[in-house]
Amino acid sequence: MTRREIIKLCGVSGLALTIQQPLSLFAQFDNKMEKKKFEVIIIGGSYAGLSSAMALGRSLRKTLIIDAGKPCNKQTPYSHNFLTQDGRTPKEISEIGKNQVAKYNTVKFYNGLAVSGKRSKNGFEITTLKGDIFTASKLIIATGIKDLMPEINGFSECWGISVVHCPYCHGYEIQNKKTAVIANGEKAIHLVSLVNNLTKDITLITSGNKDFDEIKLEKLKNNNIKIIDKEISEIEHHNGQLEKIIFKDGSIEDFECAYAPIPFEQNSNIPKELGCEFTENGHIKVNFMQKTTQEGIFACGDNSTMMRSIALAVSSGNVSGAVINSELTEENF
Ligand SMILES: Cc1cc2nc3c(=O)[nH]c(=O)nc-3n(C[C@H](O)[C@H](O)[C@H](O)COP(=O)(O)OP(=O)(O)OC[C@H]3O[C@@H](n4cnc5c(N)ncnc54)[C@H](O)[C@@H]3O)c2cc1C
Numbered sequence: 054m055t056r057r058e059i060i061k062l063c064g065v066s067g068l069a070l071t072i073q074q075p076l077s078l079f080a081q082f083d084n085k086m087e088k089k090k091f092e093v094i095i096i097g098g099s100y101a102g103l104s105s106a107m108a109l110g111r112s113l114r115k116t117l118i119i120d121a122g123k124p125c126n127k128q129t130p131y132s133h134n135f136l137t138q139d140g141r142t143p144k145e146i147s148e149i150g151k152n153q154v155a156k157y158n159t160v161k162f163y164n165g166l167a168v169s170g171k172r173s174k175n176g177f178e179i180t181t182l183k184g185d186i187f188t189a190s191k192l193i194i195a196t197g198i199k200d201l202m203p204e205i206n207g208f209s210e211c212w213g214i215s216v217v218h219c220p221y222c223h224g225y226e227i228q229n230k231k232t233a234v235i236a237n238g239e240k241a242i243h244l245v246s247l248v249n250n251l252t253k254d255i256t257l258i259t260s261g262n263k264d265f266d267e268i269k270l271e272k273l274k275n276n277n278i279k280i281i282d283k284e285i286s287e288i289e290h291h292n293g294q295l296e297k298i299i300f301k302d303g304s305i306e307d308f309e310c311a312y313a314p315i316p317f318e319q320n321s322n323i324p325k326e327l328g329c330e331f332t333e334n335g336h337i338k339v340n341f342m343q344k345t346t347q348e349g350i351f352a353c354g355d356n357s358t359m360m361r362s363i364a365l366a367v368s369s370g371n372v373s374g375a376v377i378n379s380e381l382t383e384e385n386f
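Each number in my numbering comes from the position in the sequence shown (counting from 1) with 53 added on.
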């Protein structure tokens, strides 16, 4: 395989990796693969998947990472709250991870989308969009989640830049700004109480369906939280930097930033296809060892926790890699 072919196979996100790593890592990798056997397949090669791969690579496990290269935080300019990497771009962090994992030559990378999975004689068979088929005895689902943007003009352009989901990730950077919290009910109370420690200028936007009892309303009032119970029609912004919120009744308010806990869905249908159970919130059910309800299938990162951060994705990925290695060791010893 020529260098050009390898770069084509690995796509844009694989480019840096290809250039920085010895070609031998990829040279064994044939794009026209039919069935290829691994001990572990990891679907999703962002923070959680890479962390699993590191534990497995260091244990000499024949591991394949299938990654479509679309992490949820790609639009955020800088990532925070991950020790040793605070303030780096999301891409810098994952590229450091990829380069470190690529040093372990039992780990292979495949850039593409896994589209279906089924149980096979000795484990699992995963098919990609290009029609490649891979098998392994264990499976790690590290596919993350997809944030579902509300139908508000300008919202998705501001997402991760000035409209954020998490005070731990971005609150410090937007402290003391004129802040909107777009939420309602219990979620709103929880978020507002956290944000209240970072700025004293908070307006809660409840979108025409205010849902608080008298005690909660009193609490909000005592903390000087303003409430606007109107639906938003548009967010006016400059390059993702929120400037104004325009309401459906035509009124306009100036803001500098907003918090918005928005709904999500799983990125991949494969865990469902394979019979994994889900929590009420839509996360893949796992135990403290990241095992799903299906034997041989593990899940880690955002797809299986409400606590959404790179640190926790890396942590749960590391656990799933170590537990799988331990299971394989016991099975083969
Ligand atoms: C806007 C925003 C800003 C954030 N900022 C911060 C921050 O500052 N600090 C922080 O700690 N956390 C932050 N987070 C949270 C953090 O990004 C996530 O917790 C973390 O990315 C989760 O890692 P993950 O590996 O589980 O999923 P992701 O990083 O989302 O990656 C999932 C990967 O799986 C791939 N994939 C999915 N399905 C398939 C498939 N079928 N086949 C192949 N590949 C597939 C995707 O393409 C992607 O590469 C932020 C999140 C968002 C949305």
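Note that CB positions come from ideal geometry on N, CA and C, so glycine has one too.
Note that the structure is predicted; figures quoted are calculated from it, not measured.
- Take M342, set aside five residues on each side of it, and the residues of its chain with a beta-carbon closer than 7 Å to its own are V372, V376, in chain order.
- Sequence-distant partners of K230 (beyond 5 residues in either direction) whose C-beta falls short of 7 Å from its own C-beta, in its chain, are T252, E309, C310.
- N385 and S379 have their C-alpha atoms roughly 10 Å apart.
- If you look at L244, you'll find it in the alpha helix (DSSP H) that goes 238 to 248.
- A distance below 8 Å between beta-carbons, with the five flanking residues on each side excluded, links T181 to the following residues of its chain, in chain order: I119, Y163, G165, L166, A167, V168, F187.
- Straight across, the Cα-Cα distance linking V217 with Q153 is about 30 Å.
- With fewer than three CB-CB distances shorter than 8 Å, the region 324 to 344 does not count as touching the region 284 to 297.
- In the structure shown, F187 adopts extended strand secondary structure according to DSSP, grouped into three states.
- With a cut-off of 8 Å on Cβ pairs, the region 256 to 270 is not in contact with the region 324 to 332, counting fewer than three such pairs.
- The residues I281, K283, E284, I285, S286, E306, in chain order, have a CB closer than 8 Å to that of F300 in the same chain once the five nearest residues on each side in sequence are set aside.
- Residue pairing of G176 in beta bridges, as defined by DSSP: S173.
- For the region 107 to 148, the continuous beta strand (DSSP E) assignments of 3+ residues that do not extend past its boundaries occur at 116 to 120, in sequence order.
- In this structure, S190 and G354 do not form a Cβ contact; the two beta carbons are roughly 21 Å apart against a cut-off of 8 Å.
- DSSP places T256 outside any alpha helix (DSSP H); the residue lies instead in the beta strand (DSSP E), whose first and last residues are 255 to 258.
- Taken from the Cβ of N320, at least one heavy atom of ligand 1 lies inside 8 Å.
- A direct Cα-Cα distance of roughly 7 Å separates W212 from Q128.
- H218: not part of any alpha helix (DSSP H); DSSP gives it neither H nor E.
- Taking C-beta atoms under 8 Å as the contact rule, I198 and F351 fail to qualify, at a distance of about 17 Å.
- Rounded to the nearest whole angstrom, the C-alpha separation of K263 and G238 is 7 Å.
- In the three-state scheme derived from DSSP, where H, G and I count as helix and E and B as strand, T181 is classed as strand.
- The residue among N126, L136, K90 with its C-alpha nearest the C-alpha of R114 is K90.
- Counting along the chain, the unbroken beta strand (DSSP E) around E287 starts and ends at 285 to 291.
- K240 and G261 have their C-alpha atoms roughly 16 Å apart.
- Judged by DSSP secondary structure, A233 falls within the beta strand (DSSP E) whose first and last residues are 232 to 235.
- In this structure, L257 is the residue among E289, K151, L257 with its C-alpha nearest to the C-alpha of N276.
- Under the DSSP definition of a beta bridge, L295 partners with H290.
- For ligand 1, no non-hydrogen atom lies closer than 8 Å to the CB of G293.
- In the DSSP annotation of this structure, F331 is not part of any alpha helix (DSSP H), being labelled neither H nor E.
- The beta carbons of G335 and Q319 sit closer together than 9 Å.
- P203 and L109 have their C-alpha atoms roughly 39 Å apart.
- V160 is bridged by DSSP to T116.
- Considering only G207, S132, I179, the residue with the shortest C-alpha distance to G97 is I179.
- Annotation for F317: the continuous beta strand (DSSP E) segment containing it runs 317 to 319.
- D264 has its CB no nearer than 8 Å to any heavy atom of ligand 1.
- Counting every other CB atom within 10 Å of its CB across the protein chains shown gives K151 a total of 16 or more, marking it as buried.
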